[in-house]
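Scroll down for the structure; my scribbles are underneath it.
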Amino acid sequence: MKKSSVVFLNKLPTGAKLSEILGKKPQKFLIIYDSKLERNSDFKIWIKKFSFTYKVKAGESLKSLESFPGHVKKIFRLISPFSPRSVCVVAVGGGSIGDFAGFAASVIKRGVPLIHLPTTLLAAMDSAHGGKTALNISGFKNQVGSFYPAESVLLMKTFFQSLPNTQIRSAYGEFAKMALIQGDPLLKNLQGSKKLDLEFLWTQLTEVIDEKWKWVKKDPYEESNVRQVLNLGHSLGHVLEAYYGLPHGLAVGQGLIFAVKWSHHRGYMAADVKESLLELLIQKMGFLSPESFVKKHKKLTASKLMKFITEDKKMVDARRLNFVFLEKPGIPFVKKVSIHSFITETQRQGWTQV
Ligand SMILES: NC(=O)c1ccc[n+]([C@@H]2O[C@H](COP(=O)([O-])OP(=O)(O)OC[C@H]3O[C@@H](n4cnc5c(N)ncnc54)[C@H](O)[C@@H]3O)[C@@H](O)[C@H]2O)c1
Ligand SMILES: [Zn+2]
Numbered sequence: 022m023k024k025s026s027v028v029f030l031n032k033l034p035t036g037a038k039l040s041e042i043l044g045k046k047p048q049k050f051l052i053i054y055d056s057k058l059e060r061n062s063d064f065k066i067w068i069k070k071f072s073f074t075y076k077v078k079a080g081e082s083l084k085s086l087e088s089f090p091g092h093v094k095k096i097f098r099l100i101s102p103f104s105p106r107s108v109c110v111v112a113v114g115g116g117s118i119g120d121f122a123g124f125a126a127s128v129i130k131r132g133v134p135l136i137h138l139p140t141t142l143l144a145a146m147d148s149a150h151g152g153k154t155a156l157n158i159s160g161f162k163n164q165v166g167s168f169y170p171a172e173s174v175l176l177m178k179t180f181f182q183s184l185p186n187t188q189i190r191s192a193y194g195e196f197a198k199m200a201l202i203q204g205d206p207l208l209k210n211l212q213g214s215k216k217l218d219l220e221f222l223w224t225q226l227t228e229v230i231d232e233k234w235k236w237v238k239k240d241p242y243e244e245s246n247v248r249q250v251l252n253l254g255h256s257l258g259h260v261l262e263a264y265y266g267l268p269h270g271l272a273v274g275q276g277l278i279f280a281v282k283w284s285h286h287r288g289y290m291a292a293d294v295k296e297s298l299l300e301l302l303i304q305k306m307g308f309l310s311p312e313s314f315v316k317k318h319k320k321l322t323a324s325k326l327m328k329f330i331t332e333d334k335k336m337v338d339a340r341r342l343n344f345v346f347l348e349k350p351g352i353p354f355v356k357k358v359s360i361h362s363f364i365t366e367t368q369r370q371g372w373t374q375v
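All residue numbers for the sequence shown refer to the working numbering, where the first residue is 22 and numbers rise by one.
The following block contains the structure:
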């Protein structure tokens, strides 16, 4: 899998600039963008300069497999004056736009060039890189998808200035995941940071993106367990995201707490390491302990959890799933666990009730 080039931009790119970045001139750029971006006046002027634009509403419903054929038909109608093969898809938005537009680019005429212009920090540091695209089936996340890396990912800081605080915090969930997977320097930087804001994350982007690609390169198509370490925090995270409708990264942050506690309980992680990681995640980063989480949200029943976890794509077979444990920062590893032990652990930690 070819690593997407990462290009930092000061202003929105013209068609000519996009052609230059792509290294070729597609007949047409098809800009698939988040409708919310029209609140930004520069964006509103920019988007009018392109003839082929497709506006969508961000979120998990955009990723629904059920509504995908309708979108594709509309897109084909839009680009009908040209051969669909001569189109380059430019995805402008957060992770949901990237997953949707990336999947569309991978299947239109069996694949047309793709460029990501992430507008959330979560997409900028994580989802736009590594080539995964995804759609959901009946609310179950990422059941259908393809490996389809963008040729380039364009990063523009000004987009992130309009992000609400929850979105910044959501990005921090994925950032914490990478810090735990890598260890230093990311972990040290996170622990030493004075303020968890956009400015700090911006300084860490290159390191986080490189760390993700390091794992992707070792196992680009998830044929071994290696790439799966990037799912640290995601087993419980995906369940909480789907069940409570939490932003992805906030759910991952909660999932990291679960993974740290379970790693310790199973004897893989020393007590002092556990304590310092929980302090980082809860006290410094503001993710919730299981007790505070269930006080704020309704407690999940074990049967609901069972339903969500068996639909998760990390399942090995009907009874087991691949779970990412952590010995210490920098030493993540994947182990098959039974669903039964996973559910028992969520009860022991207090996330679920029988
Ligand atoms: N493919 C991958 O490798 C990968 C990795 C991680 C997450 N994901 C997926 O990414 C999605 C989560 O990403 P996300 O949080 O970026 O999703 P999102 O696209 O739903 O964006 C979140 C919210 O931010 C808004 N928004 C976007 N840009 C904005 C801006 N500049 N200013 C203000 N608001 C803005 C959106 O309208 C939306 O309400 C999930 O579907 C998750 O499964 C994919
Ligand atoms: Zn994620």
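Where is the CB? At the ideal position from N, CA and C, for every residue including glycine.
What distance in whole Å lies between the Cβ atoms of Gly307 and Leu143, which are believed to be in contact at a cut-off of 8 angstroms? Contact doesn't hold; Cβ gap of about 16 angstroms is too wide.
Less than 9 angstroms separating the beta-carbons of Leu277 and Pro350? Cβ distance not < 9 angstroms, so Leu277 and Pro350 don't count as in contact.
Return yes when the Cβ of Glu232 is within less than 9 angstroms of the Cβ of Ile202, no when it is not. In contact: Ile202 and Glu232 (Cβ atoms closer than 9 angstroms).
According to DSSP, residues forming a beta bridge with Pro139: Gly114
Would you say Tyr75 and Ala126 are within 9 angstroms of each other, going by their C-beta atoms? no
Taking the alpha carbon of Leu342 as the reference point, which residue from Ser26, His361, Glu348 and Ala37 has its own alpha carbon closest? His361
Going by Cα to Cα distance, which pick from Val113, Gly152, Met146 and Lys357 is closest to Gly132? Ranked by Cα distance from Gly132, the first of Val113, Gly152, Met146 and Lys357 is Gly152.
With DSSP run on the structure shown, which of helix, strand or coil describes Lys349? strand
Name, in chain order, the residues that DSSP records as bridge partners for Val174. Val27 and His137
Straight-line gap, Lys49 to Leu58 (C-alpha atoms, nearest Å): 21 angstroms
Lys378 versus Gln368, Glu366 and Val345, residue with shortest Cα-Cα distance: With the chain represented from 22 up to 375, any question about residue 378 goes unanswered, as that position is not in the structure.
Is it buried or exposed for Ala291, if we count other Cβ within 10 angstroms and need 16 for buried? When all chains shown are included, Ala291 counts as exposed.
Under the criterion of a Cβ to heavy atom distance below 8 angstroms, does Lys162 qualify as lining ligand 2? no
From the DSSP output, which residues share a beta bridge with Leu357? Residue 357 is actually Lys in this sequence, not Leu. Paired residue(s): Asn343.
Looking at Gln368: is its Cβ nearer than 9 angstroms to the Cβ of Ala339? no
May I have a chain-ordered list of the beta strand (DSSP E) segments no shorter than 3 residues that lie completely inside the stretch 63 to 115? 74 to 77 and 108 to 114
Using the three-state DSSP reduction, which class does Asp338 fall into: helix, strand or coil? coil
Can the beta-carbon of Val28 be found less than 9 angstroms from the beta-carbon of Val174? Going by C-beta atoms, Val28 is nearer than 9 angstroms to Val174.
Can you find at least 3 beta carbon pairs, one from the stretch 104 to 124 and one from the stretch 154 to 161, that sit closer than 8 angstroms? Per the Cβ contact rule, the stretch 104 to 124 is in contact with the stretch 154 to 161 (3 or more Cβ pairs under 8 angstroms).
Quick check: does the Cβ of His269 come within less than 8 angstroms of any heavy atom belonging to ligand 2? Yes.
Are the stretch 231 to 248 and the stretch 211 to 219 touching, with three or more C-beta to C-beta distances below 8 angstroms? no
What three-state label does DSSP hand Ser167 in the structure shown? In this structure, Ser167 counts as strand in the three-state DSSP scheme.
So Ala200 and Leu211 are supposed to be a Cβ contact under 8 angstroms. How far apart are they, rounded? 5 angstroms
Determine, using beta carbons only, whether Val273 and Lys295 come nearer to each other than 9 angstroms. no
What would DSSP say about Leu211, mapped onto helix, strand or coil? Taken through DSSP and simplified to helix, strand or coil, Leu211 comes out as helix.
Cβ contact (3+ pairs, closer than 8 angstroms) linking the stretch 314 to 328 and the stretch 179 to 193: no
What span of residues does the beta strand (DSSP E) with Leu51 cover, start to end? Lys49 to Asp55
Can you tell me where the beta strand (DSSP E) with Ala155 in it begins and where it stops? Lys153 to Ile158
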